[in-house]
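K.L.:
Those letters in the sequence shown? Residues 1322 to 1499, per the numbering used here, in order.
All residues carry an ideal CB built from backbone N, CA and C; glycine is no exception.
Please find one structure pasted underneath; my questions will follow.
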Amino acid sequence: MLQIPDKKTFNKSFNLIATKIVSDTPGRLRLRVASENRQAEKMQHIANFLTAQPHITQVRTNIHHGSILIHHDDQTGTLAEILATLRDIGVIFADITQGKTEAATGISNAVIDLNQRVQRATDGTVDLRFLFPFGLSILAVRQLIIKGLQLEVIPWYVLAWYAFDSYLKLNNAVASDK
């Protein structure tokens, strides 16, 4: 028998919720919710609505990862019914990796955190934007001392690139000063 949770839950208007099907195996469907839609209210709304469906046995959500795990009875047509139900409540299926992937976001967040720690440790004197190029220049000086100039082993395209890049950067700086 179809069970419908409290009607007050469904009278709220929700914007479209972008999701992606991450895994679809018999009896189990996993969705990833776009990061801008990972609010407890939105995800709980979806879970409550799905739980009320007779062919769905269990719904679990993980707000931090934006995951919705749906266990269903694996009958023919059940997946189509689930997808139709999701569309009815404003869920759209799209590529939700717009911009950065989760891995890129994780790495960016780690570097930002490290940069903030370096700034705090040095009382704002230096940060990674200074230390990284400084470290590369130290390595360059080390190589120069150990191996000498080695002009004979620098490929032509490296010199061409540095000539082009320095011309653009120096001329853009002059143009912006005018």
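When we look at the beta-carbon of residue 1334 and count the other beta-carbons within 10 Å, is it buried (16 or more) or exposed?
P.N.:
Because residue 1334 sits at a pLDDT of 47, beneath the cut-off of 50, its placement in the model cannot be relied upon, and the point is left open.
K.L.:
Which stretch, first to last residue, makes up the alpha helix (DSSP H) that contains residue 1407?
P.N.:
1399-1409
K.L.:
State yes or no: is the C-beta of residue 1377 within less than 9 Å of the C-beta of residue 1366?
P.N.:
No.
K.L.:
Just to confirm my understanding: we take residue 1395, look at its own chain, exclude 5 residues before and 5 after, and list those with CB closer than 6 Å. What are they?
P.N.:
1347, 1348
K.L.:
Mapping DSSP to helix, strand and coil, what is residue 1500?
P.N.:
This structure leaves residue 1500 out entirely; the chain is present only between 1322 and 1499.
K.L.:
On a CA-only basis, which of 1481, 1361, 1374, 1385 is nearest residue 1423? Give me that one, please.
P.N.:
From the listed residues 1481, 1361, 1374, 1385, the smallest Cα separation to residue 1423 is found for 1385.
K.L.:
Going by the beta-carbon positions, is the gap between residue 1403 and residue 1437 smaller than 9 Å?
P.N.:
With respect to residue 1437, residue 1403 sits apart: the two C-beta atoms are not nearer than 9 Å.
K.L.:
Hey, residue 1415 and residue 1341 are a contact pair by Cβ (cut 8 Å); roughly how many whole angstroms apart?
P.N.:
7 Å
K.L.:
Please list the terminal residues of the continuous alpha helix (DSSP H) segment that includes residue 1372.
P.N.:
1361-1372
K.L.:
Thinking C-alpha only, which one of 1363, 1353, 1351, 1352 is nearest residue 1336?
P.N.:
Selection 1363, 1353, 1351, 1352 evaluated against residue 1336 yields 1363 as nearest (Cα-Cα).
K.L.:
Suppose you measure from the CA of residue 1441 to the CA of residue 1432; what does that come to, to the nearest Å?
P.N.:
Taking the straight line from one Cα to the other gives about 14 Å.
K.L.:
If you draw a straight line from the alpha carbon of residue 1470 to that of residue 1480, how long is it in whole angstroms?
P.N.:
Between residue 1470 and residue 1480, the C-alpha separation is close to 14 Å.
K.L.:
In three-state DSSP terms, what is residue 1345?
P.N.:
strand
K.L.:
On the criterion of 16 or more Cβ atoms from any shown chain inside 10 Å, does residue 1467 qualify as buried, or is it exposed?
P.N.:
exposed
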